[in-house]
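Written below as structure tokens is the structure these notes are about.
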Amino acid sequence: MPSPSPASPQPQPLHPPQSTPTPTLTPAHNHNHEHSPLLPPQSIPEEPPHLPTSITLPLSLSHLLSTWNSRTFEFGAVLFLATIFPGTLLPTSLYALVRAGAAVVCAPWVVGGLVDGDGDGDGDGDGDGERRLRVVRGSIVGQRIAVAASCLCFWYLWYDTAIKPPLRYGIFAVLALLACVEKLAAILNLVAVERDWVIVIVGDNEKNLRDLNSQMRRIDLCCKLGGPLFIALLDGISTNIAILTTLAMNILSVGVEYYAIANVFNTVPTLRHPPTLSTPTPTTTSTSSSETTTTTPFLSTLQSLFPAFIFYLTHPAFLPSISLSLLYFTVLSFGGNMVAYLLSAHYSSTNVGIIRTVAVIFEISATWIAPGVMSRMGPVRAGMWFLSWQMIWLTGGVVGFLRGGGGKNDDGDDGGFLAASWLVVGVVASRVGLWGFDLCAQIIIQEEVSPPTRGTFSSIESSFQNTFELASFAATMVFSRPDQFRYPVLMSCGAIYVAGALYAAFVRRRRGHLLHFSKCVGEVKGKKRGDDGVERPLLPGLVEGDGGREGGRGREEV
């Protein structure tokens with residue numbers, strides 16, 4: 001029996017390669033059992049860095065001042081005209097109609113050409129690096145000059161009540177013209193900053209894009225509530241004080257805005273780079289690989305006449321954009337139309353003020369909820385969830401409103417306080433879905449539209465938004481009595497469902513499905529069938545989603 005002992009070690013050197021890989025095939029040998037052997041720990045992305053306050057602070061300050069002045073003047077102008085022309089709503093209606101009409105007609109050509117760096121919307125990127133700063137500074141100065149001149153006209157009309165009608169209406173015509181300039185400058189500033197600067201500043205950092213978009217929208221909503229309330233309180237004290245305060249705020253803020261936006265420009269070197277056509281990223285789907293789509297001969301003929309509109313209608317981001325624009329055709333918000341109805345349904349001004357405050361709180365909450373939802377499931381799926389939330393709550397509110405007799409009687413009760421309360425609850429709760437979807441759609445559009453065409457696309461989108469808003473005004477002009485309010489309500493609800501159907505078509509086209517029946521079956525087996533039909537293992541605890549930039553695939557926690 002001694003012979004086996006020396007023979008036993010001899011085969012050992014003959015098989016060294018077989019002994020070394022054996023431990024590496026067992027994930028538990030060097031790694032935690034929760035890690036997949038197909039995805040080493042080094043591939044797990046780290047937390048992206050946050051934007052420095054040297055960028056976000058001046059950008060937020062400039063946006064705050066611009067939005068605050070725009071909101072206070074927009075609402076203040078209505079109050080000033082109501083005081084100057086008492087007993088009639090005609091001047092106020094004409095003023096608002098001309099102002100919105102200028103945005104519909106002029107924004108696609110004026111705003112789009114300036115933001116893109118060319119006047120033809122062809123996306124050739126012929127602007128220089130300093131153009132971004134000149135455009136935003138020009139919008140700031142143009143907006144402030146228009147508001148200051150308007151305040152002087154308002155003050156003169158208020159001060160001299162003995163002005164003869166020809167001069168009075170001549171000054172009113174000047175006010176309407178200045179309102180057009182102010183509206184176009186405000187759109188130019190909004191499109192340039194939110195649809196161009198923000199994307200360049202964050203680069204490829206999706207989390208920073210979501211956070212910065214939410215921060216900008218939070219500023220919008222706070223100014224939406226605070227601006228009108230502030231100027232209304234001043235106008236209640238004295239119209240003269242309100243006019244002069246509006247004038248002073250615009251004069252004092254122009255310098256701060258002017259240098260704050262320059263500070264951002266100088267801090268971010270990439271803002272100096274002129275817009276160029278972007279190349280598709282690895283996560284870009286086939287629908288977003290090119291912005292040029294094949295058109296029919298009829299569309300080709302229209303394209304020679306209206307190239308910017310055909311570009312918008314054939315763009316991959318058209319469906320989420322037009323879905324967002326359709327939401328502007330509504331009386332189911334706490335604007336003038338619904339407020340007037342609530343007052344006729346025995347709501348007091350104090351009740352309306354409290355309700356508007358609660359609604360804005362819900363809207364602001366969406367700016368915190370939406371980024372978290374998008375980080376979990378991606379902007380495409382999150383948009384469908386938020387839009388569904390809005391449709392569900394508005395449907396419940398409208399059904400309760402109609403069943404309670406809302407807008408049916410003509411005896412001054414108009415359905416009563418209870419029926420109107422159903423509508424109030426539905427509208428307030430739906431605001432989370434509205435602004436959550438707004439943020440999702442904005443990120444989709446920001447990622448789909450290439451740099452040289454952002455201005456053209458966004459300005460046409462703004463034109464459609466103003467068109468649908470004018471259509472909602474027209475609906476209330478046709479059905480102007482409180483007992484007819486149910487018709488604009490039903491039309492508004494229909495517009496929201498059309499928006500939902502269009503966005504569902506976009507989701508179906510982008511993801512291949514709306515529901516997850518087949519996906520859930522694949523996840524039980526620990527696999528996911530990809531777009532190419534191949535089943536691949538998933539990281540335990542994670543499922544595949546659509547959270548990537550420009551609709552690409554990401555991962556989300558179960």
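Residues in the sequence shown are numbered consecutively from 1, following this note's numbering.
Backbone N, C-alpha and C fix where the C-beta goes; we use that ideal spot for every residue, glycine too.
All figures in this text were calculated on a predicted structure; none of them were measured in a lab.
| Check | Outcome |
| --- | --- |
| Local conformation of Thr72 per DSSP, three classes | helix |
| Neighbour-count burial assignment, Val115, 16 or more Cβ in a 10 Å radius | buried |
| Cβ neighbours of Thr267 in the same chain (closer than 7 Å, five flanking residues each side left out) | Ser54 and Ile55 |
| Local Cβ density within 10 Å of Arg481, reported as buried at 16 or more and exposed below that | exposed |
| Environment of Trp368 [buried if 16+ CB atoms lie within 10 Å] | exposed |
| Beta carbon of His315 nearer than 8 Å to that of Phe417 | no |
| Reduced DSSP category for Ala162 - H, G, I as helix; E, B as strand; rest coil | coil |
| Residue closest to Phe362, alpha-carbon to alpha-carbon, out of Asp204, Cys151, Glu194 and Cys222 | Cys222 |
| Where the alpha helix (DSSP H) containing Thr395 begins and where it ends | Ser349 to Arg403 |
| Nearest-angstrom Cβ-Cβ length linking Leu234 and Phe468, presumed shorter than 8 Å | That pair is no contact at about 32 Å. |
| Under the three-state DSSP convention, the category Val256 falls into | helix |
| Beta-carbon gap between Asp196 and Gly378 smaller than 8 Å | no |
| Inter-residue Cα distance where the pair is Phe306 and Ser344 | 45 Å |
| Same chain, Cβ closer than 6 Å to Asp122, neighbours up to 5 away in sequence not counted | Here Asp122 scores only 42 on pLDDT, less than 50, and its place in the model should not be relied on; the value that follows carries that caveat. For Asp122, where only same-chain residues beyond five positions count, there are no Cβ hits under 6 Å. |
| Closest residue to Tyr503 among Phe80, Pro320 and Trp422 (Cα-Cα distance) | Pro320 |
| Reduced DSSP secondary structure (H/G/I, E/B, other) of Asp204 | coil |
| Length at least 3, wholly inside the segment 432 to 494: the beta strand (DSSP E) runs in chain order | none |
| Whole-angstrom distance between Leu342 and His273, CA atom to CA atom | 51 Å |
| Touch test, the segment 185 to 192 against the segment 457 to 468, Cβ-Cβ under 8 Å, three pairs minimum | yes |
| For Ala317, the three-state DSSP class (helix, strand or coil) | coil |
| Through-space distance from Arg381 to Asp560, alpha-carbon basis | What is shown of the chain runs 1 to 558, which leaves residue 560 out entirely. |
| Inter-residue Cα distance where the pair is Trp435 and Ile163 | 45 Å |
| Extent of the continuous alpha helix (DSSP H) run through Asp116 | Leu90 to Asp116 |
| Through-space distance from Ala429 to Thr350, alpha-carbon basis | 20 Å |
| Coil, strand or helix - Leu79 by DSSP | helix |
| Buried versus exposed call for Ser348 [16 or more other C-beta atoms within 10 Å across all chains shown] | exposed |
| The segment 243 to 260 / the segment 64 to 84 touching (three or more Cβ pairs under 8 Å) | yes |
| Cβ pair Val104, Leu470 closer than 8 Å | yes |
| Reference Val425, options Gly372, Ile354, Ala495 and Phe473, closest by Cα | Ile354 |
| Beta-carbon proximity list for Thr92, same chain, < 7 Å, skipping 5 on both sides | Val78, Leu81 and Ala82 |
| 8 Å Cβ cutoff met for Asn213 and Arg144 | no |
| Alpha-carbon to alpha-carbon, Gly101 and Ser463 | 9 Å |
| DSSP state of Glu182 mapped onto helix, strand, coil | helix |
| Pro451 to Phe318 span [Cα, whole Å] | 16 Å |
| Ser492 vs Phe334 beta-carbon contact at 8 Å | no |
| Unbroken alpha helix (DSSP H) run spanning Ser344, endpoints | Gly336 to Ser344 |
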